[in-house]
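Asks:
Number of protein chains: 2
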Amino acid sequence: MQTILFKNKPKILSTGTIAGPKECEGVIGKFVDKTLTDDMFGESTYEKAECKMLSYAITKAIENGRMNEKDVDMLISGDLLNQIISASFAARDFDFPFLGVYGACSTLAESFAIAASFVNAGYYRNIVAATGSHFSSAERQYRYPLELGNTRPPQSQWTVTGAGAAVIASEAKEKAPSITCATFGKVVDFGITDVNNMGAAMAPAAADTILNHLRDTGRSAGDYDLIITGDLGALGSRIVKDLTWEKGVDIAGNHVDCGEIVYNVIEDEFQGGSGAGCSAVVFNSYIYEKLKKGKLNKVLLAATGALLSTVSSGQGESIPCICHAVAIENV
Amino acid sequence: MQTILFKNKPKILSTGTIAGPKECEGVIGKFVDKTLTDDMFGESTYEKAECKMLSYAITKAIENGRMNEKDVDMLISGDLLNQIISASFAARDFDFPFLGVYGACSTLAESFAIAASFVNAGYYRNIVAATGSHFSSAERQYRYPLELGNTRPPQSQWTVTGAGAAVIASEAKEKAPSITCATFGKVVDFGITDVNNMGAAMAPAAADTILNHLRDTGRSAGDYDLIITGDLGALGSRIVKDLTWEKGVDIAGNHVDCGEIVYNVIEDEFQGGSGAGCSAVVFNSYIYEKLKKGKLNKVLLAATGALLSTVSSGQGESIPCICHAVAIENV
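So the protein lines, in turn, are chains A and B.
Position one of the first sequence corresponds to residue 3 (the working numbering), numbered consecutively onward.
Position one of the second sequence corresponds to residue 3 (the working numbering), numbered consecutively onward.
1. Can you check the segment 240–300 of chain A for any beta strand (DSSP E) of at least 3 residues that lies completely inside it and give the ranges in chain order?
2. Would you list, in chain order, the members of the segment 168–181 of chain B that have their beta-carbon closer than 7 Å to a beta-carbon of chain A?
3. Under 8 Å, do B:Arg-94 and A:Pro-322 count as touching if we go by C-beta distance?
4. Assign A:Ser-46 to one of two classes, buried (16 or more other C-beta atoms within 10 Å of its C-beta) or exposed (fewer than that).
5. Determine which residues of the segment 28–52 of chain A have a Cβ less than 9 Å from any Cβ of chain B, and write them out in chain order.
6. Under 8 Å between C-beta atoms, does B:Val-12 make it to chain A?
7. Which runs of the alpha helix (DSSP H) at least 4 residues long sit entirely within the segment 66–95 of chain B? Give them in chain order.
8. Beta-carbon of B:Gly-102 versus every beta-carbon of chain A: anything under 8 Å?
9. Could you check whether B:Met-55 and B:Gly-164 sit closer than 8 Å to each other, using their CB atoms as the reference points?
10. If I follow the unbroken alpha helix (DSSP H) through B:Thr-211, where does it start and stop?
11. In angstroms with no decimal places, state the Cα-to-Cα distance between B:Leu-15 and B:Met-76.
12. Helix, strand or coil for B:Val-313 per DSSP?
13. Which of the residues in the segment 114–133 of chain A, read from start to end, lie with their CB under 9 Å from any CB of chain B?
14. My output table needs one value for B:Thr-182: the three-state DSSP class, helix, strand or coil.
15. Report all residues from its chain with a CB closer than 6 Å to the CB of A:Gly-250; omit the five preceding and five following residues, and keep chain order.
16. Comparing the C-beta of A:Asn-199 with each C-beta of chain B, is any distance below 8 Å?
17. Are B:Val-264 and B:Val-162 close, meaning C-beta to C-beta below 8 Å?
18. Taking a cut of 7 Å between CB atoms, which residues from the segment 88–100 of chain A lie near chain B?
19. Going by Cα to Cα distance, which pick from B:Ala-89, B:Glu-319, B:Thr-306 and B:Ala-174 is closest to B:Val-328?
20. How close, in whole Å, do the beta carbons of B:Gly-166 and B:Ala-132 come, if the pair is a contact with beta carbons under 8 Å?
21. Looking only at C-alpha atoms, which of A:Asn-128, A:Thr-39 and A:Ala-282 sits nearest to A:Pro-12?
22. Between the beta-carbon of B:Val-169 and the beta-carbon of B:Ile-64, is there less than 8 Å?
23. Cβ of B:Ala-184 within 8 Å of Cβ of B:Leu-245?
24. From which residue to which residue does the beta strand (DSSP E) around B:Thr-109 run?
25. Measuring alpha carbon to alpha carbon, tell me which of B:Ala-203, B:Lys-188 and B:Ile-330 ends up nearest B:Thr-195.
26. On the DSSP bridge list, what partners appear for B:Asn-128?
27. Taking CB distances under 8 Å as the criterion, tell me whether B:Gly-255 reaches chain A.
28. Hey, how far is the Cα of B:Ser-158 from the Cα of B:Asn-199?
29. By the criterion of Cβ-Cβ separation under 7 Å, what are the contact partners of B:Leu-310 in chain A?
30. Pick out whichever of B:Ile-181, B:Ser-311 and B:Leu-298 has its Cα sitting closest to the Cα of B:Phe-8.
31. Would you please state the rounded distance, in angstroms, between the beta carbons of A:Gly-235 and A:Gly-274? I believe it to be under 8 Å.
32. Given a cut-off of 8 Å on the beta-carbon distance, is the pair A:Glu-25 and A:Gly-134 in contact?
33. I need the straight-line Cα distance from B:Ser-320 to B:Ala-59, nearest angstrom please.
34. Tell me the rounded alpha-carbon separation between A:Glu-71 and A:Ser-315.
35. Using the Cα positions of A:Val-103 and A:Ser-57, report the straight-line distance between them to the nearest angstrom.
36. Could you check whether the Cβ of A:Ile-14 sits closer than 7 Å to any heavy atom belonging to the ligand ADP?
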């Protein structure tokens, strides 16, 4: 069985979020802790700005949980930059152990799943799970220097500038949603080689994990108020609906993709948002608020990641993808 | 407390190792499952060779444990390449869930620690923890194209070409060493900026985790037959001995560094071996054999990682480092 059931129901005690000006024009604008007016965040490079956002989100999640640094037992984090420098350098700011993970844009769900596993087992009491991304650092690392002004193809997505963190805790004084189970995904590769078409590459991994999750738990798609994917975008969202439907599971009625809803006006973003920061800000602000208020009570967060690099693509490889899922419920 | 104690004592059921021709001239030569005669391993690029080595080590560990792929519940792996493509692409070869981690050269200890945490909690029965590195892929990613023939400074180390994997299991039919506890490390940065001097950068992180481990467990350095660091090299090994000695803990008598012992003849390797593959091959072959035969009975594996990237160094940052430790005992 791929799915771990958490008997002790670790809580998502609090969250912290920050996002760029473009992102905050959309649905998350009212819910994030901080909206950047300038996506450099007072730093000299995009990478340093990305790291500072992540550090801010971690600090804010701890504050919002009415705790201080000493109450935190561990940070689980990763990001899209080579050698996950955002996460590692953010971790340097704090005096608790750090577990570095890499799951590309699936990092939020991956870190939630590990954090809940550790808290449920009684190893630690409070773990911060965090991730983020920055449009400009991702663009110049994965694609082209921004200064080149390359045209973006219509199947592309726009990396979200933002970061989100959550405190996963064994106990909460107030009502807080719980992580009830986690499904770690398998690597799925459908042979897509177009690095501008992440949605199509990642959708099969999302379908695989969602189907395995439902099989393991004996649940149906309709048992969830919402099945949220991370950053499939508009095209990828259509594909995951088709792929699950082909296997006899209809998720169309209650599926939503963070990448599809993050931007209000679609201009250069084409298929919508992407990046580790996409699900990190959408879940930890907008969705978390709905869970806290009881407007949503049972959510499956299934974040996908494309596990390619510029080197693997340059060497002619296709794009292996993964999806990790966690069920979050008001129980 | 940074340290998790494992009541159910997960076993290191079996290991699988592979290493390059230069590496196998040394102490590990007699113990690895496969010695490469050509470090390209029949592939067209160094990166593909690295991935194939990792895949080989995983397959061999499963075989050596007398199980098959269906018995394995999860792969935990990471490596030094951008976006950990060795691990992700190796994971594509197998039909079990994949958890991607990044801890640079601390990856072996990090993946052992997570695997033992999951097995101890009863989430999964058999988890493969694996990592590796390749001199030529690391060199051209982190430093210079090999074709340039750059002179290496005397404080530098030589990235090990090799991979190692282990099956961490809840049960073993035969006697097998157990992982009894794990200490996840904090990020430590002493301000070193010389990217050729990893030993000096990483030694403070090693000292921090070793000291915290001994404090948490109430053990003394002498309680261990061996305290093994991952790839501090000759210089870094001297520094970690000094740093712990300054805090009143003398590890000199029973400390050994995988990087210091991996090569027989020191020519271009200067301070010795490095890379995620260094502790992966040395531990999973030579040290594991000694544990199995009862020549060692209580070992602390403390692998360090330098969490830099070429971008962070290029932007003037110092090198944050980390060390994760696991205690492995015949109990």
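The beta-carbon is built from N, C-alpha and C at its ideal position, and this holds for glycine as well.
Replies: In short:
1. 257–259
2. none
3. yes
4. exposed
5. Ser-46, Thr-47, Glu-49 and Lys-50
6. Checking the displayed sequence, the identity of residue 12 of chain B turns out to be Pro instead of Val. Not one chain A Cβ lies under 8 Å of B:Pro-12.
7. 87–93
8. yes
9. yes
10. 200–219
11. 15 Å
12. helix
13. Ala-115, Ile-116, Ser-119, Phe-120, Asn-122, Ala-123, Gly-124, Tyr-125 and Tyr-126
14. strand
15. none
16. no
17. yes
18. Ser-90, Phe-91, Ala-93, Arg-94, Asp-97, Phe-98, Pro-99 and Phe-100
19. B:Thr-306
20. 7 Å
21. A:Asn-128
22. yes
23. no
24. Unbroken run through B:Thr-109 is the alpha helix (DSSP H), 109–122; no beta strand (DSSP E).
25. B:Ala-203
26. B:Ala-171
27. no
28. 6 Å
29. Gln-85
30. B:Ile-181
31. 4 Å
32. no
33. 34 Å
34. 41 Å
35. 16 Å
36. Looking for the ligand ADP in the displayed structure turns up nothing, as the structure carries no ligands at all.
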